[in-house]
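Trainee: What follows is a structure written as structure tokens; I'll ask about it next.
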Amino acid sequence: MKTSMAVILTLCTAALLAPTAQGQGAKKVTVKITSPTKGATVTSPVLVKLTATGVRITPATVEEPGTGHHHLFVDHDLTPLSDTIPKGKPGIIHLGRGQTEFQLDSLAPGPHRVIAVIADWRHVPLNPPVVDTVTFTVK
Ligand SMILES: [Cu+2]
Numbered sequence: 815m816k817t818s819m820a821v822i823l824t825l826c827t828a829a830l831l832a833p834t835a836q837g838q839g840a841k842k843v844t845v846k847i848t849s850p851t852k853g854a855t856v857t858s859p860v861l862v863k864l865t866a867t868g869v870r871i872t873p874a875t876v877e878e879p880g881t882g883h884h885h886l887f888v889d890h891d892l893t894p895l896s897d898t899i900p901k902g903k904p905g906i907i908h909l910g911r912g913q914t915e916f917q918l919d920s921l922a923p924g925p926h927r928v929i930a931v932i933a934d935w936r937h938v939p940l941n942p943p944v945v946d947t948v949t950f951t952v953k
């Protein structure tokens, strides 16, 4: 009797956990810089285009789980991912209106690196981190 109860409980637990695990798999959150492409040589101005999966890109004013907005670190190292992304710093751009592209007007000729990070309405990067990096050269 005791054994069969344990089996039933185990089966129930498995049934409860399975959909959750699947849901997380389907909701994998990613960001990709689709333009410029990695290693490309481009001319200024440079239009950076972003796509995201598993998260709704919204203005920073939308305080809902499952949403976020893009950030660009332009020739700037990432700030700590557990912390708020600073505002008003050269090289750190918040796309706080929910934009999915941004034009970089003043990149000097030479190599550059852009890192895209999705953060929530508090400007705290999503956890686990959702990041993509591209390096390219301006002619
Ligand atoms: Cu932000």
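Position in the sequence shown (from 1) plus 814 gives the number in our numbering. Every residue, glycine too, gets a C-beta built ideally from N, C-alpha and C. Nothing here was measured: the structure is a model prediction, and the numbers come from that model.
Could you check whether the Cβ of Ile932 sits closer than 7 Å to any heavy atom belonging to ligand 1?
Mentor: No; taking the cut-off as 7 Å, the Cβ of Ile932 has no heavy atom of ligand 1 nearer than that.
Trainee: Could you give the C-beta distance for Thr949 and Lys863, rounded to a whole number, given that I count them as a contact under 8 Å?
Mentor: Their Cβ separation, rounded to whole angstroms, is 16 Å, which puts Thr949 and Lys863 out of contact at 8 Å.
Trainee: Excluding the five sequence neighbours on either side, which residues of its own chain have a C-beta within less than 7 Å of the C-beta of Pro900, listed in chain order?
Mentor: Taken in chain order, the residues that qualify are Thr893, Ile906.
Trainee: Starting from Ala866, trace the beta strand (DSSP E) both ways and give me its first and last residue.
Mentor: Segment 860 to 867, the beta strand (DSSP E) holding Ala866.
Trainee: What number of angstroms, rounded off, separates the C-alpha of Val856 from the C-alpha of Pro925?
Mentor: About 10 Å.
Trainee: Please return the same chain residues whose Cβ sits closer than 7 Å to the Cβ of Asp919, not counting the five positions on each side in sequence.
Mentor: Closer than 7 Å at Cβ, skipping near neighbours: Pro859.
Trainee: Classify Gln836 as helix, strand or coil using the three-state DSSP reduction.
Mentor: A caution first: Gln836 carries a pLDDT of 41, below 50, which makes its placement in the model unreliable, though a value can still be read off. Of the three classes helix, strand and coil, the one that applies to Gln836 here is helix, per DSSP.
Trainee: Note down the Cα distance separating Val876 from Ala854, rounded to an integer number of angstroms.
Mentor: The straight-line gap from Cα to Cα measures roughly 35 Å.
Trainee: Just how far apart, CA to CA, sit Ala874 and His937?
Mentor: Approximately 8 Å, taken between the alpha carbons.
Trainee: Say yes only if the C-beta of Ile899 is nearer than 7 Å to one or more non-hydrogen atoms of ligand 1, and no if none qualify.
Mentor: For ligand 1, at least one heavy atom lies less than 7 Å from the Cβ of Ile899.
Trainee: Check this for me: beta carbons of Val931 and Val952, under 8 Å apart or not?
Mentor: Taking 8 Å as the Cβ cut-off, Val931 and Val952 do not qualify as a contacting pair.
Trainee: Could you name the residues of the same chain whose beta carbon sits closer than 6 Å to that of Thr844, not counting the 5 residues immediately before and after it, in chain order?
Mentor: Closer than 6 Å at Cβ, skipping near neighbours: Thr867.
Trainee: On a CA-only basis, which of Pro923, Gly882, Lys846 is nearest Thr865? Give me that one, please.
Mentor: It is Lys846.
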